[in-house]
Amino acid sequence: MPELPEVETVRRGLQPVMEGAVIEKVEQRRPDLRFPFPVDFVERLTGRRVTDVSRRAKYLTFHFDADPILISHLGMSGSFRIESEHGGETPGEFHHERSKLAAHDHVVFHLKSVDGRRSRVTFNDPRRFGFMLFAEAAQADQHPMLAGLGVEPTGNALDGALINSLFAGKRAPLKAALLDQRLVAGLGNIYVCEALWRSGLSPKRMAGSITSARRATTPRTDALSKAVREVIADAIAAGGSSLRDYVHADGSLGYFQHSFDVYDREGAPCRREGCTGVVRRIVQSGRSTFYCAACQR
DNA sequence: AAGTGAACCTGAAGGC
DNA sequence: TGCCTTCAGGTTCACT
646 MPELPEVETV
656 RRGLQPVMEG
666 AVIEKVEQRR
676 PDLRFPFPVD
686 FVERLTGRRV
696 TDVSRRAKYL
706 TFHFDADPIL
716 ISHLGMSGSF
726 RIESEHGGET
736 PGEFHHERSK
746 LAAHDHVVFH
756 LKSVDGRRSR
766 VTFNDPRRFG
776 FMLFAEAAQA
786 DQHPMLAGLG
796 VEPTGNALDG
806 ALINSLFAGK
816 RAPLKAALLD
826 QRLVAGLGNI
836 YVCEALWRSG
846 LSPKRMAGSI
856 TSARRATTPR
866 TDALSKAVRE
876 VIADAIAAGG
886 SSLRDYVHAD
896 GSLGYFQHSF
906 DVYDREGAPC
916 RREGCTGVVR
926 RIVQSGRSTF
936 YCAACQR
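Start counting the first sequence at 646; every next residue gets the next number (our numbering).
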């Protein structure tokens with residue numbers, strides 16, 4: 646479900662609640678998600694103080710006052726729900742009132758913040774494509790899940806020159822190349838479609854065809870890198886997209902879905918100034934691609 | 001070797 | 001109403 650902007654939004658929701666808090670209790674309600682939970686999952690987390698909630702691509706990493714760190718992925722349908730004690734509420738009341746769990750609530754972290762406030766952070770994931778794994782803090786970057794990841798599309802590392810070198814010689818379509826997490830890490834089906842529309846490039850075009858062997862960049866690699874950075878920045882600023890019932894950790898909704906130019910707009914008119922085309926849906930490597938054949942070449 | 005498709009799992013939505 | 005099919009924001013593995 647979530648792509649980088651949604652994961653970043655979740656991280657920003659969790660951070661103020663979790664950072665500095667102590668995990669008083671962990672409920673692990675089934676033996677596995679996409680992978681089995683680590684051995685001693687509950688034991689190794691209980692009593693830890695959270696020092697940082699971070700993100701790499703679509704992965705969340707939770708850091709503690711001692712090893713290990715927790716690496717988590719939301720898969721297609723994973724989400725975190727925060728329930729916090731209100732200021733005037735008595736602690737006992739809180740636990741009693743909010744103790745109901747929903748279907749597919751797989752993990753519950755019971756937290757106590759520095760000022761004594763209690764809260765629960767619950768991981769829910771109907772499809773169970775998400776997971777939680779441990780890594781030793783010192784070797785976190787070398788963990789198999791993180792080691793092969795490409796450049797973050799946030800910041801300025803992703804520029805036309807990098808796209809030029811990453812895509813050189815690639816015969817795969819731009820759609821597939823942008824989804825390849827080993828090249829650019831964090832894009833998913835929605836934001837790849839949106840970035841290609843913004844840069845006016847066809848998702849079917851061979852990735853290597855926008856590159857140059859003699860020059861460091863091309864107008865197309867510049868346009869694509871800019872479009873990717875901007876669509877990701879815009880989506881983060883809007884709090885991500887909330888499709889179906891997906892909500893943020895604090896229960897609020899993201900608004901970026903209202904800004905989609907092509908995703909899920911099959912048959913609708915192209916939004917580009919002066920373009921009379923219609924958004925089409927095709928299937929590439931088993932996934933829907935939305936684009937305008939009139940202005941994306 | 002790179003590139004494509006199937007598989008993992010549940011739920012929502014649409015057609016009949 | 002119910003049953004069936006299709007589709008979904010991701011990743012990995014098995015093929016060609």
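Using N, Cα and C, we set each Cβ at its ideal position, and we do this for glycine too.
| In whole angstroms, what separates the C-alpha of R763 from that of F725? | 16 Å
| query | Do you know how far the Cα of M851 is from the Cα of H741? | reply | The pLDDT assigned to H741 is 42, lower than 50, so where the model puts this residue is not dependable; a value taken from the coordinates is nonetheless given after this. In a straight line, the C-alpha of H741 is about 58 Å away from that of M851.
| message | With a threshold of 6 Å on Cβ separation, who are the neighbours of H708 within its own chain once the five nearest residues in sequence on each side are excluded? | response | T696, D697, I714
| query | Do the CB positions of R926 and E911 come within less than 9 Å of each other? | reply | yes
| query | Shortest alpha-carbon distance to L659 belongs to which of F682, R675, V687, R700? | reply | R700
| task | Would you tell me roughly how many angstroms separate the C-alpha atoms of S854 and L832, rounded to the nearest one? | result | 21 Å
| field | Inter-stretch contact at 8 Å, needing at least 3 Cβ pairs: the stretch 795–810 / the stretch 777–787 | value | no
| Exposed unless 16 or more other CB atoms sit within 10 angstroms - verdict on D890 | Low local confidence applies: a pLDDT of 44 at D890 is under 50, so the model's placement there is unreliable, with the coordinate-based value given in what follows. Flag for D890 reads exposed.
| task | Could you tell me the boundaries of the alpha helix (DSSP H) in which R836 lies? | result | The sequence shown places Tyr at residue 836, not Arg. Segment 834–844, the alpha helix (DSSP H) holding Y836.
| message | Using 9 Å as the threshold, is the C-beta distance between A806 and A861 below it? | response | yes
| Q902 versus L649 - alpha carbon distance | Each residue's Cα considered, the two are about 14 Å apart.
| request: Specify, as a first and last residue, the run of the beta strand (DSSP E) that F709 falls within. | output: 704–709
| query | How would you write the range of the beta strand (DSSP E) that A780 sits in, first residue to last? | reply | Note, A780: beta strand (DSSP E), 776–780.
| Does the beta-carbon of D770 have 16 or more other beta-carbons within 10 angstroms, so that it is buried, or is it exposed? | buried
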